[in-house]
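*Asks:* Protein chains in written order, with the working numbering: chain A, -12 to 208; chain B, 46 to 439; chain C, 1176 to 1585.
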Amino acid sequence: MIRLQNIEKVYRTDTIQTLALNSINLEVEKGEFLSIMGPSGCGKSTLLNIIGLLDMPSKGSISIDEQATHKFSDKKLAQFRNKKLGFIFQSYHLINDLQVLDNVELPLLYRDSTAKERKQLATEALEKVGLSNRIKHFPSQLSGGQRQRVAIARAIVGRPEIILADEPTGNLDSAMGNEIMEILLQLNRNEGTTIVMVTHDENMAQKTHRLVRLFDGSQVQ
Amino acid sequence: MLKHLFKMIWNKKKQNSLLIVEILLSFMVIFAVFSFGLNSYSNYAKPMGIDYEHVWAINYNNTLETKNADSLKLFYQGLVRNIKAMPQVLDASITSANIPFSNSHMSTGIKYKGEQISQINNFWVDENYPHTLNLKLLAGRWYNKADHVPGQQIIVINNVLKERLFGNADAIGKIFGNYDDKNKIKIIGVVDNIKFDGDYQAPAKAMYALYDTSAYHWLSKILVKVSPDADAAFESRLYKFMANSLKNSNIEIEHLSNKLTAYNKFTLVPLIILSIVAAFLIINVALGIFGVLWYNINKRRGEIGLRRAVGASGNSVSYQLVNEAMILATLSLIIGSFFAVQFPLLNVFDLPSSVYVIAMLLSIIFIYILVLVCSLYPGKQAAAIYPAVALHEE
Amino acid sequence: MLKNYFKIAIAVLRRRKFFTFISLFGISFTLTLLLVMTAFIDKVINDNYPDKKRDRSLYISKIELRGKESMNASALTYYYINHYIAKMKMPVKVAISSGYGSTNTYVNNRKIVINYKYTNADFWEVLDFDFIEGKPISKQQTDNAERVTVISEDMKKEYFGDDKSSAVGKYIEADNIKYKVCGVVKSLPITSYILYSDIYLPITTSKTKLEADKGYMGNYGAIVLAKNMDDVPKMKKEYADIVAKLPIPGKEWDHVYSHADSYIEGYVRTGSETSSGMVYALTAISLFALFVMLLPTLNLVNVNITRIMERSSEIGVRKAFGASSKTLAYQFIVENLILTFLGGMIGVVLSVVVMYFINDAQFIANLNLSLNFTVLCYAFLTCIFFGLLSGVYPAWRMSKLNIVTALKAQ
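1) Going along chain A in order, which residues have a C-beta closer than 9 Å to the C-beta of S1500 of chain C?
2) Taking D226 of chain B as the query, report the chain C residues whose CB atoms sit under 9 Å from its CB, ordered along the chain.
3) Applying the 10 Å Cβ sphere with the 16-neighbour rule, what's the burial state of H1434 of chain C?
4) Given that P1471 of chain C touches chain B, what residues does it touch there, using C-beta distances under 9 Å?
5) Taking only the alpha-carbon atoms, compute the straight-line gap between T1252 of chain C and P1424 of chain C and give it to the nearest angstrom.
6) Give the single residue among B:A404, B:W339, B:M405 whose Cα lies nearest to the Cα of A428 of chain B.
7) In or out: F1555 of chain C buried (at least 16 other Cβ within 10 Å) or exposed?
8) With DSSP collapsed to three states, give me the class of E67 of chain B.
9) How many whole angstroms separate the CB atoms of P44 of chain A and I(-6) of chain A, which I take to be in contact at a CB cut-off of 8 Å?
10) Might you give, ordered along the chain, the residues of its own chain that have their beta carbon closer than 7 Å to the beta carbon of I165 of chain B, omitting 5 neighbours on each side?
11) Buried or exposed: which applies to V1325 of chain C, given that a residue is buried once 16 or more other Cβ atoms fall within 10 Å of its Cβ?
12) Can you list, in chain order, the residues of its chain whose CB lies under 6 Å from that of L1512 of chain C, leaving out five sequence neighbours each side?
13) Would you please state the rounded distance, in angstroms, between the beta carbons of R186 of chain B and G234 of chain B? I believe it to be under 8 Å.
14) Alpha carbon to alpha carbon, how far is S420 of chain B from V1509 of chain C?
15) Give a yes or no on whether the minimum CB-CB distance between G39 of chain A and chain C is below 8 Å.
16) Of all the residues that make up the stretch 1475 to 1507 of chain C, which are near chain B by a beta-carbon distance shorter than 9 Å?
17) So, under 8 Å CB-CB, I68 of chain B and V386 of chain B are touching, yes? Tell me the CB distance rounded to an integer number of Å.
18) Should H80 of chain A go down as buried or exposed, given a rule of 16 or more other Cβ atoms within 10 Å for buried?
19) Check whether chain A comes within 8 Å of I1578 of chain C, counting only Cβ atoms and requiring the distance to be less than that.
20) Spell out whether any CB of chain C is found under 8 Å from the CB atom of I296 of chain B.
21) To the nearest angstrom, how far is the alpha carbon of Q1585 of chain C from that of S1500 of chain C?
22) If you run the structure through DSSP and keep just helix, strand and coil, what is P1377 of chain C?
23) Starting from I1183 of chain C, find everything on chain A with Cβ-Cβ shorter than 9 Å and list it in chain order.
24) Excluding five sequence neighbours on each side, which residues of the same chain lie with their C-beta closer than 8 Å to the C-beta of V337 of chain B?
25) Anything in chain B within Cβ reach of G1276 of chain C, meaning under 7 Å, just list it in chain order.
26) Please report whether the beta-carbon of S1545 of chain C lies at a distance below 8 Å from any beta-carbon of chain A.
27) Please go through the same chain and pick out, in chain order, the residues whose beta-carbon is closer than 8 Å to the beta-carbon of R105 of chain A, but skip the five residues on each side of it.
28) Here's the rule: buried if 16 or more other CB atoms are within 10 angstroms of the residue's CB, otherwise exposed. What is C1552 of chain C?
29) Please report whether the beta-carbon of D99 of chain A lies at a distance below 8 Å from any beta-carbon of chain C.
30) For Y1275 of chain C versus S1372 of chain C, is the C-beta distance shorter than 8 Å?
31) Quick one: which chain B residues come within Cβ less than 8 Å of L1208 of chain C?
32) If you reduce the DSSP assignment to three classes, tell me which class S1272 of chain C lands in.
33) For a test of the three-state rule: what should DSSP assign to V1267 of chain C, helix, strand or coil?
34) For C1454 of chain C, does the count of other Cβ atoms within 10 angstroms reach 16, so buried, or fall short, so exposed?
35) Answer with yes or no whether the minimum CB distance from R1229 of chain C to chain A is below 8 Å.
36) Could you list which residues in chain C have their beta carbon closer than 8 Å to that of L93 of chain A, in chain order?
If you want it as C-alpha cells, here you go:
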C-alpha cells in the first residue's frame, strides 16, 4: 500500500544542515496498523509528513497505492490527499470558526459533492465516533477527547484508505486516550483502513500490528 | 539594546517591509499636504500690496466706430475725467484686462545680460494706477503726464523682478532688452509686489508699462477707487453713465473684494479636499498600524513572557515594543526623506526651499507622534502580560 | 462551497472585531470618496438636461489656428457658423449660441449680476429645456429682433423675488435694455458651461453686428443635430472635410483645426490640439483614484496578512485534507470580496449621506449629486477592483504557506 525507498530528509538553514531522516525503507501493507516510536526529534513526525505528502523528501521515493507521487503537481497532490489520506493531529487542528459538522464536512468540500451528501456523510462519521449529539457545537465548547473524536470523524468522512495519526493521544489523559485508540482499532478492524500512527506511548503502540522505532533519523527496528 | 532591536526587525524584514512602505507612503502624503498648506500660509502671511476694498472694476468693450487714435484718446480721457468727477469716486484708471484677481494673464520675456527671463506678467497701465490701488512705490518714480511721448523706452518693475535681476543692488536707471532684445528699456521705478493671483499665491515677476494712445481700442477695464459710502445706488448711477457713454458695449461692474474671494477658492478648495482625503488616509493608516502592532504583541506573548522571566520589567518590555515601532518609523522616514529632499533640490513645483524643509520636519514629527500614539497602547498591554501565563500557553 | 466560504468569512469577521472595523472603515471611506467623485463626474458629463438629444448631436465650439511659433484658439464667429456650418447637408438643425457674458442690473438699489447668452431660434428646438412658465423664443421673434428673453428659475427668484406669480410678460433689465420675459426654464449648474446662462436673448438683439467680423475667431458655438444616430459619424466626417478645405487666414498660420465633438469630447477639449483633453482628464481622475486607493489597499493587505498568519492552522488543515493552493487562494479572495462588498454597502450608505450634505450646502448651485444606476455600477466595479487588489497578494502568500510549518504554528 505504502512503499518508501531510501528516504532522506535534510533541513538546511544558512549555516547548518540537519539530517532528519536517513535512508528509510518502509513498506506498509493494506489493512495494516503501524505505529512509529522514538524519542523527541528523531524524525518520526517528519516521516509521517512525508508519507502524508505534506512534505517532500530530499532523496528517495514514495509510492502509495502503486502510484509514484514525486511527479505530482500541487493540484494532483491535493486531490490525492483528499481521496486517499486522512489526517489526525496531536493538537486536533479544528477550525474554531466552524461548527463541528462543518469541520467534519471539510474534506468533502474539495471534491464533487452536494450539500446534502456532505451533511449525511459527516453525520454518519460523527455517529461512528459517538458525537452525533454535538454537531452544532463549536470546537471551543468541547473537551479535548471530544475534539479529537471530531478530528477522527473529519479524517474518516472521505472514506480514505489510509489514516495518518500524529500522536493522536498525546494531549489526552489515559482514559480518553484509550477511548481514541479504541476508535482507531475498530476502524482498522471493521473497515480495513490502513493506519500509520506516531506515538510516544508504549502501551498504545503495543496494540498495533507492527512497531517501527526511529533513532536520530534512522530506522532501528 | 538598540542593536538587539535592529536585529529583531531585520530578522522579520518580510513582515515589517509592508509596514515600512505604509508609513513611508503616509509620510509622503503628509509631506505633500504640509508643503501645500505651508506654502499657502506663507503666501497668505505676505502683504497684499494693494488696497482692494472699495475698488471696482468696470468691464467694457470698445465699440466706438472711429479708428482715429487721437479721438479715441480724447474720448477715453474725457470718460475717466467724468468718472473721477463723480462725488464718491476717489480715482480711476484704465488698464489692460489683467487686473488683480482676474483669470486674465499676459506675460512676456526680457533679455538682461544675455539671459532670457520669461513669464513676466505684463500690465498696461496709466499714471493713475498706483493711487487707485494704493500701490506703494519702493524706489524711483511712477509715470507722469510728461512720459506720454512716443518712443519713450521706460518701465516700472515690481520688487520680485528687481530682486531676480539685481538682487539688493539699486535698479533705477538700469537697462534691459525686450523679448527679442531689439529695444533697450530703462527702469524708472520699483513698486511693491501685488499678490494678483489672490491671498494664497506668491507674488510673481511683474512689470508695468505705460500704454500709448493706440492701446485705447483694446483696453477693456477701468479700475475705480470709491469712497466707503459708495452703495448700490451709486453703482447703478455709474453703470448708467457707462452704458450711456459707451452705447452698444456690454458693461459689468465687479468688486475686487468679491473677485478675491472667488479667486482664493482656486487654492482653498483643492487644499481642503486634499486635507480631507489625507486626514482619512492617515486615520486609516493609524488604525492599521495600531492593529498590526497589537496583533504582533498577541503573537509574541511567548517571547514577551520569556523576556519577563529573564528579568525584564513590565516597563522595559513596553519600552522595547514602542522602540521597535519607532525604529520602523525611522527606517521609513529615512527613505521618505530621501525622496522628499529631491523636491527642494530639483526645485519641483517652484516652491521656496524653506517651505519644503519645514514641511519635511513637521511631517517627520507628525509621523513619529502618530507611530508613538499607535504603539503606546499595545506596548502597555504587553507590559501587563504575566510571564507565567504567557509561557504556559506556549 | 460558496456557502462554506461565506460562513467562514463571517466567522472570521466576528472574531477579530477590531480588524474587521479597520478593514470596513478603510473600504467604506475609500469607496465613499470614489463614489462622490464618480457621482460628481457623472452629474457633470452624463446629466443630459437640457440636451436630451445628445446622442444625435455634435458640438462645434472651438477653432484653433496654429503656426510655427504661435497658436490661437477661440470660439467661432457668427459669420463662420453661418457660412460653413449652417450650410452643411447632414444636420437637420443648427443651434447657435454665444458664450455667456455677464452684466449688472440694479433693482431697487440692489445689484444683480446677470449672465446672458444670445441664442438663435433653432437653439430652442435642438435643446429640450424644461419650461416652468411660458414658452421659448419663437423663430418670428428672433427674426424681428424682438426684445424678449427666456430666464432661468434662479434668475426669476432673484430678480422678481419669491412671489409665486408668473414672470411671463414682465420686463427684466439687463445691459441697460428692457427685455420682456417669455419663458422661465429650470436652472442649470455652472458646470454645464456650454449651455449655462441666467437669461437667454435672441441672437438678433446682440449689440454687435452679427456678420461684422468675417474672420474665424469669435464668441459663438454651434450644436448640429443629425436626423438619427446613424447620421452622426457622417456629420462628423462632413465637418472634418469642410475644415480640411478652410482657407488659412494669414501667413503666420499653417494649420487650422476645428472639430465636431460628442458632448464629452467637447467638454474636456482643452483648447489645445496637441494635448488631448480626454487623455488629460482620464489621467488626472485615475491618478487621484489610485492615490486615494493606494494607502487603504496597503493597509488592507497588511491587515489581511496578519489575519492569514493567525489562521495558519486552518490553512494547514485544509491543505492536508486536499485543498490545492489554487483553491485556497480562491477561497481567500472570495472571503476578501465578501468583506469588500460589506464595506461597499456601508460606503454606499455613507456616500448617500455625504451627497445629501453636499447638495444641502449647495457648493455648486443647481448641481444635485445623486446615486443612480451608473454610479452604483461604478461602485460595484470599484469594490471588485479593491477586493482583488487587496486580496491577491495575501492570498498568494497564504497559498504558498508550507503545510508543515502552518500546522506547527499553533
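Built from N, CA and C at the ideal position, the CB exists for glycine as well. None of these values were measured; they are calculated from a predicted model.
*Replies:* This is what the structure gives:
1) D61, K62, A65
2) Those do not exist, as D226 of chain B stays about 16 Å from chain C at its closest Cβ, beyond 9 Å.
3) buried
4) F325, L326, N329, V330, G333
5) 14 Å
6) B:W339
7) exposed
8) helix
9) 5 Å
10) S152, T153, G154, I155, L206, K250, A251, M252
11) buried
12) G1562
13) 5 Å
14) 32 Å
15) yes
16) L1475, V1476, N1477, V1478, I1480, T1481, R1482, M1484, E1485
17) Their Cβ separation, rounded to whole angstroms, is 17 Å, which puts I68 of chain B and V386 of chain B out of contact at 8 Å.
18) buried
19) yes
20) yes
21) Because the pLDDT at Q1585 of chain C is just 48, under 50, the model does not fix this residue reliably, and the value given afterwards should be weighed accordingly. Each residue's alpha carbon lies about 20 Å from the other.
22) strand
23) I82, D84, L85, D89
24) L64
25) N295
26) no
27) E92, L95, L96
28) exposed
29) no
30) yes
31) V322, F325
32) strand
33) coil
34) It should be noted that the sequence gives Val, not Cys, for residue 1454 of chain C. When all chains shown are included, V1454 of chain C counts as exposed.
35) no
36) V1492, R1493, F1496
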